[in-house]
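In what follows, a structure is listed as structure tokens, so that the remarks can point back to it.
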């Protein structure tokens, strides 16, 4: 005998999803309104606010910066994170247990503390250029995703296959690229996507590291909101949601979304 | 043993770059931040004395605690009920619901907080609607209150709670609650004695994520709380970048680190203790 879910529970869940999706629908609505202030439902429809994004040079510039950072920071983090994840999975006996936790520290330490400390020590103390500081900050911010998500795939990998390749005369580096990497592709894609999104949306670290002339899209969005309260903010938000949708489509295609609940 | 073919050496060589990044750009900077708080000429704990003796600063700390605790409690409640329904939903509907929860989670915090500016503003949707139904006769200011910050925080963190719990609740087989029911347990008893104990580890993980996330948030209190509802994150930023008082900012940072790390450590101990599987 199957127990049915209580109707009251279903009602609560339904309300929760209205609560979750409603505000995003409202943003889309306001971005299309032909009024010069934010209002919902839209009075008339226009795409003017989308053109406006590209007319404002600060948005154009920060968009490029944000994408460069998200791609560059994640790539850098993957470049050093994958070998670390591999070492952790492959050499469990040789490496101390706490090492795995060290790579999760960027999540454990409050982001805003991390941003402030990086500003003091790296941006001002060591005098690194703004873009370099941002790149380091973002690489650090996303390192846990690069190590842990890739690591989950590597832990499930049977390293005796790699040993077999090596014992048959395949050089170690070649065995890694042709045997190990293709088998943990899903983990790397998942890690890359989570890292990319985290970097793209980051506020708490970036706000301390941006400086004259160099800013990121979320920081520019915050600054714009303090001065103008027009539908351009909504249209930029929709643009960011569109990127999220595209990313989710990639996840769905390659991995299936259920991996996110694991 | 010292050649590169030694597994130990290879393991360290492979993890060295990532380790170096964490040590050089996280541990050293954060420790130096913490260290500056003890360098006051009036004594090593002088900056903390200033913090804990100031009514204004203590109000910021308590407000942050309060907002984080209330946000966590509401998120646990809503998140648990919703996750239960999602975990029991048939396949296709379940994926759709998970997408609906993941989508806001992947949308940035600025965008999600901004949504509540439009909803709760003086000329916002909520005011318009309430005026239209006639509940109120003139717009009420709802922004820049503790309530507006909490609503936006709950909005921010409920998806995280749902996703954390769906995974856990899916692992509780229907047979278990059926068995409890067939043995005469009323739904409430089956829930309390079967479902809840198995969900406890997930609830703890979710609560830690929500509590630490809201305790250390910056963008949401900045946008929806403003100057009036200063929280630890916005207070740190203000001290560092507006007043340029780095020692005061570092003190706030140190308190944030202590609170979050204590929460994480205590709760993960509790989780280990209560985990029925680990026994």
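Chains as they are written, first to last, in full-length UniProt numbering: chain A, 1 to 262; chain B, 1 to 279. Built from N, CA and C at the ideal position, the CB exists for glycine as well.
Task: Three-way DSSP call (helix, strand, coil) for residue 108 of chain B in this model - done: In this structure, DSSP gives residue 108 of chain B a state outside helix and strand, which the three-state scheme calls coil.
TODO: Go through its chain and collect everything with a Cβ distance to residue 127 of chain B's Cβ below 6 angstroms, but skip five positions before and after it.
DONE: The residues are 139.
Open item on the list: If contacts are defined as beta-carbon pairs under 8 angstroms, then residue 204 of chain A and residue 82 of chain A qualify, I think. What distance do you get, rounded to the angstrom?
Closed with: In this structure residue 204 of chain A does not touch residue 82 of chain A by the C-beta definition: roughly 26 angstroms separates them, more than the 8 angstroms allowed.
Open item on the list: Would residue 111 of chain A pass as an interface residue toward chain B - the criterion being a Cβ-Cβ separation below 8 angstroms?
Closed with: Among the residues facing chain B, residue 111 of chain A is included, as its CB has a counterpart in that chain under 8 angstroms away.
Task: N- and C-terminal bounds of the alpha helix (DSSP H) containing residue 194 of chain B - done: The continuous stretches of alpha helix (DSSP H) do not include residue 194 of chain B, and DSSP gives it neither H nor E.
TODO: Figure out for me which residue from B:73, B:54, B:66, B:252 has the closest Cα to the Cα of residue 38 of chain B.
DONE: Of B:73, B:54, B:66, B:252, the residue nearest in Cα terms is B:252.
- [ ] With a threshold of 16 other CB atoms inside 10 Å of the CB of residue 2 of chain A, please say whether the residue is buried or exposed.
- [x] In this predicted model, residue 2 of chain A has a pLDDT of only 49, less than 50, meaning its place in the structure is not dependable; the value taken from the coordinates is given anyway. By the neighbour-count rule (16 or more Cβ atoms within 10 Å), residue 2 of chain A is not buried but exposed.
TODO: Look at the Cβ atom of residue 282 of chain B, then the Cβ atom of residue 144 of chain B, and state whether they are nearer than 8 angstroms.
DONE: The shown model of chain B, from 1 to 279, leaves out residue 282 of chain B, and the question about it has no answer.
Open item on the list: Does any residue of chain A have a CB that is nearer than 8 angstroms to the CB of residue 256 of chain B?
Closed with: Closer than 8 angstroms: yes.
Open item on the list: Rounding to the nearest angstrom, what Cα-Cα distance links residue 194 of chain B and residue 182 of chain B in this structure?
Closed with: Distance between the alpha carbons of residue 194 of chain B and residue 182 of chain B: 13 angstroms.
Task: Contiguous beta strand (DSSP E) assignments of at least 3 residues, all confined to the segment 158-211 of chain A - done: Restricting attention to beta strand (DSSP E) runs no shorter than 3 residues, the segment 158-211 of chain A encloses none.
TODO: Please confirm if the segment 96-111 of chain B is in contact with the segment 225-241 of chain A, defined as three or more CB-CB distances below 8 angstroms between the two stretches.
DONE: The way I'd put it, the segment 96-111 of chain B does touch the segment 225-241 of chain A; three or more beta-carbon pairs between them come closer than 8 angstroms.
TODO: Could you name the residues that DSSP lists as bridge partners for residue 214 of chain A?
DONE: DSSP output for residue 214 of chain A lists A:211 as bridge partner(s).
Open item on the list: Suppose you measure from the CA of residue 215 of chain A to the CA of residue 208 of chain A; what does that come to, to the nearest Å?
Closed with: Between residue 215 of chain A and residue 208 of chain A, the C-alpha separation is close to 10 angstroms.
Task: residue 30 of chain A beta carbon less than 8 angstroms from that of residue 264 of chain A - done: Any property of residue 264 of chain A remains undetermined from this structure, which presents chain A solely from 1 to 262.
- [ ] Could you check if residue 182 of chain A is buried or exposed, using at least 16 other CB atoms within 10 Å of its CB as the buried criterion?
- [x] Around the beta-carbon of residue 182 of chain A, fewer than 16 other beta-carbon atoms lie within 10 Å, marking it exposed.
Task: For residue 33 of chain A, three-class secondary structure by DSSP - done: Under the three-state reduction of DSSP output, residue 33 of chain A falls in the strand class.
Open item on the list: In this structure, how does DSSP classify residue 86 of chain A when only helix, strand and coil are distinguished?
Closed with: In this structure, residue 86 of chain A counts as helix in the three-state DSSP scheme.
Open item on the list: Run through the DSSP bridge pairs and tell me what residue 45 of chain A is partnered with.
Closed with: The partner list for residue 45 of chain A (beta bridge, DSSP) reads A:33.
Open item on the list: Distance cutoff 8 angstroms, beta carbons only. Does residue 150 of chain A sit that close to anything in chain B?
Closed with: Not an interface residue.
Open item on the list: By the 9 angstroms beta-carbon criterion, what residues does the segment 104-129 of chain A contribute toward chain B?
Closed with: Here the close residues are 105, 106, 108, 109, 110, 111, 112, 113, 114, 115, 116, 117, 118, 119, 120, 121, 122, 125.
Task: Partners in chain C for residue 8 of chain B, counting only beta-carbon separations shorter than 7 angstroms - done: Absent from the structure: chain C. Protein chains present are A and B.
TODO: Quick one: which residues of the segment 16-31 of chain A get their C-beta closer than 8 angstroms to a C-beta of chain B? List them in chain order.
DONE: For chain B, the residues of the segment 16-31 of chain A that bring a beta carbon within less than 8 angstroms of one of its beta carbons are 16, 17, 19, 20, 21, 23, 24, 26, 27, 30, in chain order.
Task: Boundaries of the alpha helix (DSSP H) in which residue 251 of chain A is found, first to last residue - done: Unbroken alpha helix (DSSP H) run through residue 251 of chain A: 231-254.
- [ ] Tell me where the alpha helix (DSSP H) around residue 144 of chain B begins and ends.
- [x] Run containing residue 144 of chain B: none; DSSP gives neither H nor E here.
Open item on the list: Against chain B, does residue 5 of chain A count as a neighbour if the rule is that its beta carbon must be under 8 angstroms from one of theirs?
Closed with: Yes, because at least one Cβ of chain B sits closer than 8 angstroms to the Cβ of residue 5 of chain A.
- [ ] Under 8 angstroms by Cβ, that's how I've got residue 198 of chain A and residue 251 of chain A pegged, so tell me the actual separation to the nearest angstrom.
- [x] Not quite, the Cβ-Cβ distance comes to about 14 angstroms (not below 8 angstroms), so this is no contact.
Task: Validate contact between the segment 198-211 of chain B and the segment 257-276 of chain B using beta carbons, cut 8 angstroms, 3 pairs - done: At 8 angstroms Cβ cutoff, the stretches touch.
Open item on the list: Here's a check: name, in chain order, each residue in its chain whose Cβ is nearer than 7 angstroms to the Cβ of residue 122 of chain B, leaving out the five neighbours to either side.
Closed with: Result list for residue 122 of chain B: 139, 141, in chain order.
Task: Limits of the unbroken alpha helix (DSSP H) element including residue 76 of chain B - done: It spans 55-88 - the alpha helix (DSSP H) in which residue 76 of chain B sits, taken as one unbroken run.
Task: Spatial neighbours of residue 2 of chain B in its chain, beta-carbon cut-off 8 angstroms, leaving aside the 5 residues before and after - done: Summary for residue 2 of chain B: the model assigns pLDDT 46, below 50, so the residue's position carries little reliability; its value from the coordinates is reported in the next sentence. The answer, listed in chain order, is 9.
Task: Under the three-state DSSP convention, the category residue 5 of chain A falls into - done: Taken through DSSP and simplified to helix, strand or coil, residue 5 of chain A comes out as coil.
TODO: For residue 244 of chain A, return the contacting residues in chain B, with the cut-off set at a CB-CB distance below 7 angstroms.
DONE: Neighbours of residue 244 of chain A across chain B, judged by C-beta separation under 7 angstroms: 103, 106, 107.
Open item on the list: For a contact defined as C-beta to C-beta under 7 angstroms, what are the partners of residue 48 of chain B on chain A?
Closed with: Those within 7 angstroms of residue 48 of chain B in chain A number zero; the least Cβ separation is about 16 angstroms.
- [ ] Less than 8 angstroms between the CB atoms is what I'm expecting for residue 217 of chain B and residue 153 of chain B, so what's the real figure, rounded?
- [x] Residue 153 of chain B and residue 217 of chain B do touch by the CB rule: their CB atoms are close to 7 angstroms apart, below 8 angstroms.
Open item on the list: My parser needs the beta strand (DSSP E) runs of 3 or more residues fully inside the segment 91-117 of chain A; what are they?
Closed with: Counting only runs of at least 3 residues, the segment 91-117 of chain A fully encloses no beta strand (DSSP E) element at all.
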